[in-house]
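Enquirer:
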Amino acid sequence: MVDAAAYRLPLSAKPERYELELVPDLEASRFEGRETVIVTVVEPTTKFVLNSVDLDIRDVRIEHPSGRSLVGTVTYNEPEQQATFSFSEELEPAKGYRLSLSFGGKLNEKLQGFYRSTFTDRDGAQGVIASTQFEPTDARRAFPCWDEPAFKAVFSVTLVVPDKLVALSNSREISRSDESGGRTRIKFADTIPMSTYLVAYAVGPFEISSEREVDGVELRIAAVPGKSSLTAYASKVGEHALRFLAAYFDIPYPGDKLDHIAIPDFSFGAMENLGCVTYRESALLTNPATASQLELQRVATVIAHETAHMWFGDLVTMKWWNGIWLNEAFATFMELLTTDDLRPEWDVWTAFSTGKSAAMVTDGLRATRPIEFPVGRPEEAEAMFDLLTYQKGGAVLRMLEQYLGPEAFRKGIGHYLRSHAFGNTETGDLWDALETTSGEPVRSIMDSWIWQGGHPVVTVEQTGPAELSLHQRRFLYDGSESDERWVVPVNLRSSVEGQVQRQRVLLDGESVTVSFDGPIDWVLVNDGAWGFYRAHYSPQLSRRLDDAGVLSVCSPMERFGLLTDAFAAVVAGIADTREWASVARSMRGDDDPDVWAAIVGVTGLLSEIGGDDDKQAVQSFVRELAEPVWRELGWDPGSDETPRTATARGRVLSALGLVGSDPEVIAEATSRFDRHLEGVGALSPDVVSAALRIVVAEGGVREWEAVLNRYREVDNPQEKLRYLYALAETRDPELVSRTLDLTLGTEVRAQDGPFLVAGVLGRPDSGAQAWAWVVRHWDELTVRFPNPLLLRVFESLAAQADAQVAASVHEFCSTHELPIAGPRLDQILERLDINVAMAARMRGTLRAAFAP
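Residue numbers (the numbering used here): 1 to 852.
1. Within the segment 51-135, note down every full alpha helix (DSSP H) run reaching 4 residues or more, in order along the chain.
2. Would you call the CB atoms of A367 and P823 closer than 8 Å?
3. The beta strand (DSSP E) that contains I221, what's its start and end?
4. Can you say whether F422 is buried or exposed, counting buried as having 16 or more other CB atoms within 10 angstroms of its CB?
5. Pairs of beta-carbons, one from the segment 314-330 and one from the segment 780-800, closer than 8 Å: are there three or more?
6. Between R843 and G573, is the Cβ-Cβ spacing less than 8 Å?
7. From the DSSP output, in three-state form, read off G313 for me.
8. Do you know offhand how far R543's Cα is from D521's?
9. Answer with buried or exposed for Q827, where buried requires no fewer than 16 other C-beta atoms within 10 angstroms of its C-beta.
10. Going straight from the alpha carbon of H777 to that of W771, what length do you get?
11. Which same chain residues end up closer than 6 Å to F516 when comparing Cβ atoms and leaving out the 5 residues on each side of it in sequence?
12. Going by Cα to Cα distance, which pick from R651, W635 and D640 is closest to F673?
13. Relative to the C-alpha of G67, which candidate in T730, R8 and L99 has its C-alpha closest?
14. Please determine, among P193, S228 and L284, the residue with the shortest C-alpha to C-alpha distance to A234.
15. Using the Cβ count rule (16 or more neighbours within 10 Å means buried), how would you classify V71?
16. For G105, which of N287, Y115, G96 and L111 has the nearest alpha-carbon?
17. Looking at E382: is its Cβ nearer than 8 Å to the Cβ of P149?
18. If you follow the beta strand (DSSP E) that C276 is in, where does it begin and where does it stop?
19. With three or more beta-carbon pairs closer than 8 Å as the criterion, would you say the segment 42-56 touches the segment 7-14?
20. Residues bridged to E345 by DSSP?
21. In the DSSP assignment, the beta strand (DSSP E) including H676 goes from what residue to what residue?
22. Label G638 either buried or exposed according to how many other C-beta atoms from any shown protein chain fall within 10 Å of its C-beta, with 16 as the threshold for buried.
23. From this set, H676, D779, E747 and T603, which residue's C-alpha is nearest A799's C-alpha?
24. Who are the near neighbours of Q82 in its chain, counting only those whose CB is closer than 8 Å to its CB and skipping five residues on each side?
25. To the nearest whole angstrom, what separates the beta carbons of W530 and M399, a pair I think is in contact under 8 Å?
26. Compare the C-alpha of E426 against each of V512, W451, M318 and V460 and name the closest.
27. Quick one: Cα of V774 to Cα of I57, how far?
28. Could you say which of V214, S292, G33 and W449 lies nearest to V688 if we only look at CA atoms?
29. With F475 and R534 assumed to form a contact (beta carbons below 8 Å), what rounded beta-carbon distance in angstroms separates them?
30. Could you check what DSSP says for T746 in three-state terms: helix, strand or coil?
31. Give the DSSP bridge partners of E213, in chain order.
32. Please confirm if the segment 642-654 is in contact with the segment 584-593, defined as three or more CB-CB distances below 8 Å between the two stretches.
33. The ligand COA and R749: does the residue's C-beta get closer than 7 Å to at least one heavy atom of that ligand?
34. For G394, is the classification buried or exposed, using 16 other Cβ atoms within 10 angstroms of its Cβ as the cut-off for buried?
35. Using the Cα positions of L879 and C145, report the straight-line distance between them to the nearest angstrom.
36. Quick one: what's V757 bridged to in DSSP?
Written out as structure tokens, the structure is:
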């Protein structure tokens, strides 16, 4: 990696305040702007170096604090996305320089910088809006700026827009006046000092919900015409999040208002711009009467995540992009804490197990990375937005919170935020704050988790009637050895002579011996499943845990962990498939949805890696486990069932219909789907997606086209995605081609197309055809899809186990320049190779492995 300093701006000057005026022309897809920046010159210089991309900069002038003015010349360094303003005289160190300039640019369609988005209104006419997405390094596409997180400044934004349009930005509107040509000048209040990537503005015919005052803060939801009826749920969730988080941090909300805005085209899930949070429509807008529990949960967690950023990220910001985990991991942790307070019956910490497990899969690769690592070029910053930053980072924070205790952890976070308010920090600042309030050696515990990639497997053996030995080593799927060690906070739960006991052990070396008060009946190494490590039991202790009854001894999150740890051992060659099947059978009758997510994930992969005998063996095994649960759940919800039960219904249905190929379930899904199309409501929201996928997978042209037509007809963003993504399940080669081709046209948005391609590419039986299509259309895809979303296409290859596909992918990647920075491409290729090796090892063995 090249020295990051080569891409950093000089420190000879720093901005204190930006006065921005933007004049967007939505029809011409252009914008003009003027800018005055109050600058402090730190050391003598004859030039300012700023960031700028695709901007035409004009009329540069610098005014000395004394009033003397100099004209500047502009030169561009396009590879480094920089513009240099040179002056004929040296500028001496002082505060209060006024840098003024004008500029122009294009409202692009790549969903980055200041960009254009379209929608269809109630009457079927197309409308246009303009919005921003600046993180990590795209503010420079909208206005010349010091586009690095540590250059915090106050922003005063003015938007000049057509009279009939709404304009929104980070802070309250404070004045408006008429302009010539049917335009209105709208000025917004000064912001707090903040980084450029958090600046935001949006212009369009938005409909805004009635304001909701939350402890003095005005909260609103904005959407394009026709979608305002879908904002009430977000408003209630937003109020809860704002109030809960202000109380948790014991710090008032740092902005002067909070708008949540649904944008029709958006590359991320949402973006935490201070006071002006932007979202994909499906992550903000919903109808609780027709939404599934998972869809409602996603809206709640995304709103909570972005609201948490108002403090952790906006009020206090990392100094440079290597510390982005400070923002995102903590917002991930807080989204769960906040949502759990809103709807404890959702059990979101167990639901988080699936994300944590996905992060552990990546972290079990040689090509993993530390949570924090050096970042230089802009594309390297983009590589930080992955499972390791969000899910591993969030899980490690939860592990620390459980070790320190929730109240000690909360006090430490509050101390950190108050100490660094309006400033920038590094990782060590967080550890210092937590050590101050808890008295625990937080830095020595956490350094091994933040600065070192991978995670341990903790092996437990009984060395005496009342004694255990815990041993750690790095878990690697390729089975190789490694010298890395972690400071592992191990929480043990055991039964000692019939009495349940808990112990906290810090495993800070290769091994440790743990003593008990008497003979051990059974032991669970990862009590609560909060630890970011895998557990491997000796055969003796594994049998004892089974004898104790997994369902009665372990929580759903612990059962999920036992399943995923067992299969990880299979993939790594530490255990065989029969051992995983034994763990899964011990959970027969389990109705937890996330336990079923783990079962479906494994069996779905295994059913496609071998011949007919292998497939039939997996189908029989799935039906053996699922049918008793399905008899209890049935198709229709009970009047008083829990949200978890509703979600379980959809997961078990997926298992039976998509993996188990149960003929009765398939027939009933088809029948109910037909009635659903007729509007007689034969499918509850929590089973619609599963039923659609079954119908498309088992059906033909009629079913596929019926689902496509529904996608075209419905307007609810979440419903549209249900129908769109179900198309990926088809097994008909002609329909696979039609599904993929949809993404090249206009009826599938560029923000959704990559996920549809990924859905097809991730299916083992359509993967080879889909990959050939990707190769054939690569040049078109690079133009149509935003770069961050092209990565989603490649990431789906990790589900493939076809040796020919893997070889083709390796060859393609060696001959093409791909928009994938950091180690993520290496991770994808390593996953492919591991899957191919696993498939070769297991092929032809599954009938014996799954035999009763």
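The C-beta atom is built at its ideal place from N, Cα and C for all residues, glycine as well.
Bear in mind the structure is a predicted one, so any value in this text is a computation, not a measurement.
Expert: According to the data block:
1. none
2. Here residue 367 refers to the residue found at position 367 of the sequence shown. Here residue 823 refers to the residue found at position 823 of the sequence shown. It is a contact, given that the beta carbons lie within the stated cut-off.
3. On the sequence shown, residue 221 is found 221 positions in, with the first residue counted as 1. Where I221 is concerned, the enclosing beta strand (DSSP E) stretches over V217 to A223.
4. What you label residue 422 is simply residue 422 of the sequence shown in a count that begins at 1. Its Cβ having fewer than 16 others within 10 Å, F422 is exposed.
5. no
6. Numbered from its first residue, the sequence shown carries residue 843 at position 843. Numbered from its first residue, the sequence shown carries residue 573 at position 573. Going by C-beta atoms, R843 is not nearer than 8 Å to G573.
7. Residue mapping note: residue 313 aligns to position 313 of the sequence shown, counting from 1. G313: coil per DSSP, three-state reduction.
8. Here residue 543 refers to the residue found at position 543 when the sequence shown is read from its first residue. Here residue 521 refers to the residue found at position 521 when the sequence shown is read from its first residue. Each residue's alpha carbon lies about 11 Å from the other.
9. As a first step, residue 827 is located in the sequence shown; it is residue number 827 there, counting from the start. Q827 should be labelled buried.
10. Within the sequence shown, numbered from 1, the residue matching residue 777 stands at position 777. Within the sequence shown, numbered from 1, the residue matching residue 771 stands at position 771. Answer to the nearest angstrom: the Cα atoms are 10 Å apart.
11. One-based indexing of the sequence shown puts residue 516 at position 516. Only A466 and V496 meet the Cβ criterion.
12. Along the sequence shown, one-based indexing puts residue 673 at 673. That would be W635, whose Cα lies nearest to the Cα of F673.
13. Stepping through the sequence shown from its first residue, residue 67 is reached at position 67. Closest by alpha carbon: L99.
14. One-based indexing of the sequence shown puts residue 234 at position 234. That would be L284, whose Cα lies nearest to the Cα of A234.
15. Indexing the sequence shown from 1 puts residue 71 at position 71. By the neighbour-count rule (16 or more Cβ atoms within 10 Å), V71 is not buried but exposed.
16. Counted from its first residue, the sequence shown places residue 105 at position 105. Of the candidates N287, Y115, G96 and L111, the one whose C-alpha sits nearest the C-alpha of G105 is Y115.
17. Within the sequence shown, the letter at position 382 stands for residue 382. Within the sequence shown, the letter at position 149 stands for residue 149. Cβ atoms of E382 and P149: not closer than 8 Å.
18. The residue given as residue 276 occupies position 276 in the sequence shown. Note, C276: beta strand (DSSP E), C276 to R280.
19. yes
20. In the sequence shown, residue 345 corresponds to position 345, counting from 1. Note: E345 sits in no beta bridge, so no partner.
21. Here residue 676 is taken as the residue at index 676 of the sequence shown, counted from 1. That residue, H676, is in no beta strand (DSSP E); its alpha helix (DSSP H) goes P663 to L677.
22. Here residue 638 refers to the residue found at position 638 of the sequence shown. The residue is exposed, with fewer than 16 neighbouring Cβ atoms inside 10 Å.
23. To locate residue 799, count along the sequence shown from 1; it is residue 799. Among H676, D779, E747 and T603, the Cα nearest to that of A799 belongs to T603.
24. The count along the sequence shown starts at 1 and reaches residue 82 at position 82. For Q82, where only same-chain residues beyond five positions count, the Cβ hits under 8 Å are L9, V49, L50, N51, S52 and Y76.
25. Taking the first residue of the sequence shown as 1, we reach residue 530 at position 530. Taking the first residue of the sequence shown as 1, we reach residue 399 at position 399. Right, their Cβ atoms sit about 5 Å apart.
26. Your numbering for residue 426 matches position 426 in the sequence shown. Of the listed residues, the one whose Cα sits closest to E426 is M318.
27. Numbered from 1 along the sequence shown, position 774 holds the residue referred to as residue 774. Numbered from 1 along the sequence shown, position 57 holds the residue referred to as residue 57. Spanning the two alpha carbons is a distance of roughly 38 Å.
28. Position 688 of the sequence shown, counting from 1, holds the residue named residue 688. Looking at the Cα atoms, S292 is the closest of the given residues.
29. Stepping through the sequence shown from its first residue, residue 475 is reached at position 475. Stepping through the sequence shown from its first residue, residue 534 is reached at position 534. Indeed they touch by this definition, with Cβ atoms about 5 Å apart.
30. Reading the sequence shown from its first residue, position 746 is the one you call residue 746. Correct three-state label for T746: coil.
31. The residue labelled residue 213 in the question sits at position 213 within the sequence shown. Beta-bridge pairing links E213 to E218.
32. yes
33. Although the ligand COA was asked about, the structure shown includes no ligands whatsoever.
34. Here residue 394 refers to the residue found at position 394 when the sequence shown is read from its first residue. So G394 counts as buried.
35. What the structure shows of the chain is the stretch from 1 to 852, and residue 879 is not part of that stretch, so it cannot be assessed.
36. As a first step, residue 757 is located in the sequence shown; it is residue number 757 there, counting from the start. None; V757 has no bridge partner.
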